[in-house]
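Undergrad: Dropping the structure in here first, questions after.
Residue numbers (my numbering), protein chains in the order written: chain A, 3 to 384; chain B, 5 to 143.
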């Protein structure tokens, strides 16, 4: 199922947001995406939003639509954690193909409160993880890293290479939270343990921000006078396997593996046909497993693979040229959409100062919860 | 640092009608799991239907309370502030002998001694108003 991405918007990440609301970040991102597409807001007739722990737990689409002055013919919540953004793009394409809407706004964003709101009751994790000292994602992803090291003999340095690459790429992106603050492997390893073997610098920095993407059909896109060439969605795949890390079918491979295989098959591409990697990187270990699950290298060999490639923006296979979330910061659920936004910029040639060399196709991933919610997209230049 | 569970004042379990027998058994020092009367497979966490075959004939049965460490992490910065007094402490995913996996904390072991594949057994410890199945080296 193909569709066209005609506009993207990203609110620069920021650490503190006093006086602002989550709704204002959604509005900011949406306004940027509409301006980028060169369309009026009234062309939007579909709306996809995420869940919100804080301000608006229920009736989110109606609340966001009202705030933005939209009256969509299709509105829904996509609740796939960090996979929500890519999941929205695929659902937008499906809704358009089904006649539910013609032009869909996908938007995620958040402000930051001094004390982050805690999720309400979340059994079974609340019942069977939290009482044993396992609260939050850091513990879960540390379990992945330990197992990867034990099973494949990968080293702390191997994983630090991924964080150092993110920091290096972020130096090309003035909006990145780590811009102006590169770190080499030793610098990454010098950061304190959070959940051993995870260092602080292997974990995304929480930020406020927002991302928005406007999806329409290829035929509608062809009839618009667009400032930028549309980017095409040519393949997608999705899988959800579990919720709590203890229930994961595997700690060394995840649901992105079949999702990426399906997305590539739909696009009629092999992994060798991909020119740009825009891969979800909440933790170094998640990126390592994704590289291996994509078939770029054998399980356990991501570090060898890295040494064989130049993954910088100007390299032979750019990996998260804007720094990824490890470089720019994680704007909560919007972080998952940021990988779509970056791929669109790269494919249509609007990635100022970090433009990849003539990439025509990109693999984009989203990952939610404990390596349990997965969406992969293939995007191509038109 | 070794966890001193008796010194903990942390978020307690939040049992439901489906899971209460598990916690009641823990109070007796027993690891009680569900087992499917149709497909014979063991189930954790407790629920109303077998996730393997969708039978609703789940019986409670005592498990061996033994397993091996599938993976672990030494938590230095706990996600919940109440655990800060215990840090650094060790959280592990345990492969139970019967097949299911569960998460717990390791007690009776220094964090540096934790290993993937370590044989462990449950050690039931009162924490506040509940008894929790922690795990310790099987020795």
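Note that beta-carbon positions come from the ideal geometry of N, C-alpha and C, so glycine has one too.
Look at the alpha carbon of residue 242(A) and the alpha carbon of residue 67(B), and state the distance between them as a whole number of angstroms.
TA: Distance between the alpha carbons of residue 242(A) and residue 67(B): 29 Å.
Undergrad: Say whether the segment 169-178 of chain A touches the segment 320-331 of chain A, bearing in mind that this needs 3 or more beta-carbon pairs closer than 8 Å, one atom from each stretch.
TA: yes
Undergrad: So, are the CB atoms of residue 94(A) and residue 215(A) less than 9 Å apart?
TA: yes
Undergrad: Against chain B, with Cβ distances strictly below 9 Å, would residue 257(A) count as a contact?
TA: no
Undergrad: In three-state terms, what does DSSP make of residue 5(A)?
TA: strand
Undergrad: Kindly identify the DSSP beta-bridge partner or partners of residue 130(B).
TA: For residue 130(B), which the question treats as bridged, DSSP gives the partners 135(B).
Undergrad: Would you call residue 200(A) buried or exposed, if buried means 16 or more other Cβ atoms sit within 10 Å of its Cβ?
TA: Buried, by the Cβ-count rule.
Undergrad: Given 8 Å as the limit, is there contact between the segment 29-47 of chain A and the segment 96-111 of chain A, that is, 3 or more CB pairs closer than that?
TA: In short, these stretches touch, since the Cβ pair count reaches three.
Undergrad: How long is the line joining the alpha carbons of residue 136(B) and residue 5(A), rounded to whole angstroms?
TA: 52 Å
Undergrad: Would a C-beta distance cut-off of 9 Å place residue 347(A) and residue 281(A) closer than the cut-off?
TA: no
Undergrad: Less than 9 Å separating the beta-carbons of residue 161(A) and residue 80(A)?
TA: no
Undergrad: Suppose contacts are defined by Cβ-Cβ distances below 9 Å. Is residue 38(A) in contact with residue 10(A) by that definition?
TA: yes
Undergrad: Residue 63(B): which of 89(B), 40(B), 142(B), 72(B) sits nearest, CA to CA?
TA: Taking only the C-alpha atoms, the option nearest residue 63(B) is 40(B).
Undergrad: Does residue 67(B) come within less than 9 Å of chain A when only Cβ atoms are used?
TA: So, not an interface residue.
Undergrad: Can you name the residues of chain A whose CB is closer than 8 Å to the CB of residue 76(B)?
TA: Residues of chain A with a Cβ closer than 8 Å to the Cβ of residue 76(B) are, in chain order, 145, 148.
Undergrad: Find the residues of chain B that neighbour residue 66(A), judging by a C-beta separation of less than 7 Å, and give them in chain order.
TA: Neighbours of residue 66(A) on chain B: none; closest Cβ ~29 Å, over 7 Å.
Undergrad: What are the start and end residues of each continuous alpha helix (DSSP H) run of 4 or more residues lying completely inside the segment 333-373 of chain A, in chain order?
TA: 336-350
Undergrad: Of the residues 98(B), 31(B), 79(B), which one's Cα is nearest the Cα of residue 122(B)?
TA: 98(B)
Undergrad: Would residue 86(A) and residue 110(A) be called neighbours here (beta carbons separated by less than 9 Å)?
TA: yes
Undergrad: For residue 125(B) and residue 129(A), what's the separation of their Cα atoms in angstroms?
TA: 20 Å
Undergrad: Based on DSSP bridge pairs, tell me the residues matched to residue 213(A).
TA: 12(A), 110(A)
Undergrad: Taking just the CA atoms, how far does residue 194(A) sit from residue 59(B)?
TA: 48 Å
Undergrad: Taking Cβ positions, are residue 139(A) and residue 367(A) nearer each other than 9 Å?
TA: no
Undergrad: Let me know if residue 133(B) comes out buried or exposed under the rule of 16 or more other beta-carbons within 10 Å of its beta-carbon.
TA: exposed
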